[in-house]
Structures are given as C-alpha cells and as structure tokens.
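So that you can map any letter, position 95 of the sequence shown is 85 in our numbering, and since no number is skipped, the others follow by simple counting.
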Amino acid sequence: MSFQLLAMLAATSTASSTATSSASEPLERVSLEVESAESAWSSPGFRVATGYSIDVLFGVDDVPDGVFHDASLRLGARLDPYWSLFLSLVYGARPGVLPMLTYRATVEPTLHLSPEISISLGAGLGGIVISNTGEFTPEPDGGLVASLTIPSAKPLLGACSGAGFAATARIESALVMTELLSMGPSVSAAVQWTRCVQSTFSSDLDTGESIDLVQLWQHTLVSVGWTFWWR
C-alpha cells in the first residue's frame, strides 16, 4: 500500500514539474517581414520633390543670358521599379541691374538605373520675361502699321515676354534617408526656343489688333542642383 502511495506522489510531482516547465518556456512567435526603406522607394506610388539649382544660361546670337537661381517642383508617380513619370515646374531669376525671369514646364519620363541613380528626358513649354534688355527698341523706317517679325536676333528687342518649346535631360542621385524622405544632387541640361514679343502699345486702326515686335530667341543651359523627395 505504501509503495502505491509513493508511486502516485512521484507521478503527480513529475506531471506538475512538466507543466511548470512548459508554462515557463516562451511561446514561438512568427515575425512579420519589415519592408526596407530602399524597397519602399522602389514601390509604385505618388512622389513630390522640391529643389534648388544654379543655372548657367547661354544665349545664341548675343541674346540675354547669365546665371540664374532656380526653384523647382516635381509632381508624379513611381510606376514600377524601373519607371516614373513627372511634371516638372522650374522658375528662375537673374538678379542685377537688368533682372530676367525664366520658367519651364515639362513632362519627364524617368528611368531608374539603380535605387540611387536615375535619368530623365522631358519636353514642354519654356518662357522668358525681361522688361529691359539694355537695347533700344527697333523702329523701322516709316514706323509700324502692323506687327513685325524680326528674322534674326539683331537688332535686339528692348524687352521680351514670350514662350516656346523646351527640352530637358537630367541625371540625378537620391540618397534614401527614411521611408518617406530622400535627397540628392542632380545635373541637367536644356534647350529652349522663345517667341519673344515686345508691345509697341499701339494698335491697328482698322482691326484693333495690337502692333507688336516679334523675335525668336534660342538658349541652352546647364544646371547643378539639390532635390528633396517625399513619398
């Protein structure tokens, strides 16, 4: 009888010890895979960027040019790991005695060569505003009775306000900071043809249409800048 009682006590002690050991052991948990910041930037979705750049504008046939300070805004989307599509808006200013403004709006397909490096080509509209070129307004003999297109850049208009075709090319690098922010440098080049118009502040007596002087200006530019990206 005593042997049976001892056996029962031993079995109970063993079961209790096993239960206590099982309760003290941590439960295995299945961890969820966390997406890296680089993977997040490669995934499709909306993107927005702001930037600052210094442009060197070169005018053909001695049309006004110089060094410009630009602010840019890009809106678009990452389509897949390799391609994005953006609308780029750039506004530039040349300070000084004869200030000058430029602007460009281009649509830019962008190819991502790696998570950090991308290249883009764009086409769209570019324009110029300058109220005083430092030259006298050309006045043909006999005066103007209708709008006149000057076939070359000489004589230069006394002012210009106009727009035309623009094309851009850019290579840039983006350093991923977080899942929401990246930044990096860029180098770009562009060409622009501007249909410059200078008003004579007079109009045709018969039709009432404004009498203007028109001239085509051509520019090329190179730019170095820094861009901040958000997603």
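Where a beta carbon is used, it is the ideal one built from N, C-alpha and C, also for glycine.
Only a predicted model underlies this, so the values are computations on that prediction, with no experimental measurement involved.
Which residues mark the beginning and the end of the beta strand (DSSP E) in which S192 is found? For this step, residue 192 is matched to residue 202 along the sequence shown. DSSP places S192 inside the beta strand (DSSP E), whose first and last residues are L171 to S193.
Work out the CA separation of G124 and L65 for me, nearest whole Å. For the purposes of this step, residue 65 is taken as residue 75 along the sequence shown, with counting starting at 1. For the purposes of this step, residue 124 is taken as residue 134 along the sequence shown, with counting starting at 1. Computed Cα separation, rounded: 37 Å.
What separation, rounded to the nearest whole angstrom, lies between the Cα atoms of Q285 and E162? Residue 285 falls outside the range modelled here, since the chain spans only -9 to 221, and no answer is possible.
Exposed unless 16 or more other CB atoms sit within 10 angstroms - verdict on A136: What you label residue 136 is simply residue 146 of the sequence shown in a count that begins at 1. That one is exposed.
Could you tell me whether the Cβ atoms of A95 and A157 are closer together than 8 Å? Counting from 1 along the sequence shown, the entry for residue 95 is found at position 105. Counting from 1 along the sequence shown, the entry for residue 157 is found at position 167. Going by beta carbons, A95 and A157 fall outside the 8 Å limit.
Same chain only: Cβ atoms within 8 Å of V50, ignoring 5 sequence neighbours per side: As a working note, residue 50 is residue 60 in the sequence shown. Taken in chain order, the residues that qualify are A143, W207, Q208, H209 and T210.
Under a three-way DSSP split, which group does E28 fall into? Along the sequence shown, read from residue 1 onward, the residue named residue 28 stands at position 38. Three-state result, E28: helix.
Indicate the three-state DSSP secondary structure (helix, strand or coil) for T55 in the structure shown. In the sequence shown, counting from the first residue as 1, residue 55 sits at position 65. In the sequence as displayed, the identity of residue 55 is Asp instead of Thr. Coil, per DSSP.
Looking only at its own chain, which residues have a Cβ that is under 7 Å from the Cβ of S12, when we skip the five neighbours before and after it? Locating residue 12 in the sequence shown gives position 22, counting from the first residue. Confidence is the limiting factor: at S12 the pLDDT is only 49, short of 50, which leaves the residue's position unreliable, though a coordinate-based value still follows. Here the set comprises nothing.
CB contact flag (L47, F36, <8 Å): Position 57 of the sequence shown holds residue 47. Position 46 of the sequence shown holds residue 36. Their beta carbons are not under 8 Å apart, which means L47 does not touch F36 by this criterion.
Which value, in whole angstroms, describes the spacing of the CA atoms of S121 and D70? Counting from one through the sequence shown, the residue named residue 121 turns up at place 131. Counting from one through the sequence shown, the residue named residue 70 turns up at place 80. Using only the alpha carbons, I get a separation of about 45 Å.
CB contact flag (F218, T40, <8 Å): Taking the sequence shown and counting its residues from 1, the one referred to as residue 218 is at position 228. Taking the sequence shown and counting its residues from 1, the one referred to as residue 40 is at position 50. The answer is yes: Cβ separation under 8 Å.
Residues bridged to M90 by DSSP? Position 100 of the sequence shown, counted from the start, is the residue given in the question as residue 90. Partner(s): R84.
Assign F76 to one of two classes, buried (16 or more other C-beta atoms within 10 Å of its C-beta) or exposed (fewer than that). Taking the first residue of the sequence shown as position 1, residue 76 is located at position 86. Looking at its Cβ environment, which holds 16 or more other Cβ atoms inside 10 Å, F76 is buried.
DSSP state of V135, grouped into three classes? Position 145 of the sequence shown, counted from the first residue, corresponds to residue 135. Correct three-state label for V135: coil.
Sequence-distant residues of its chain with Cβ nearer than 6 Å to L138 (five each side left out): Counting from 1 along the sequence shown, the entry for residue 138 is found at position 148. Cβ neighbours of L138 beyond the five flanking positions: L203.
C-alpha distance - G154 paired with A61, whole-angstrom precision: Taking the sequence shown and counting its residues from 1, one reaches residue 154 at position 164. Taking the sequence shown and counting its residues from 1, one reaches residue 61 at position 71. Rounded to the nearest angstrom, the two C-alpha atoms are 20 Å apart.
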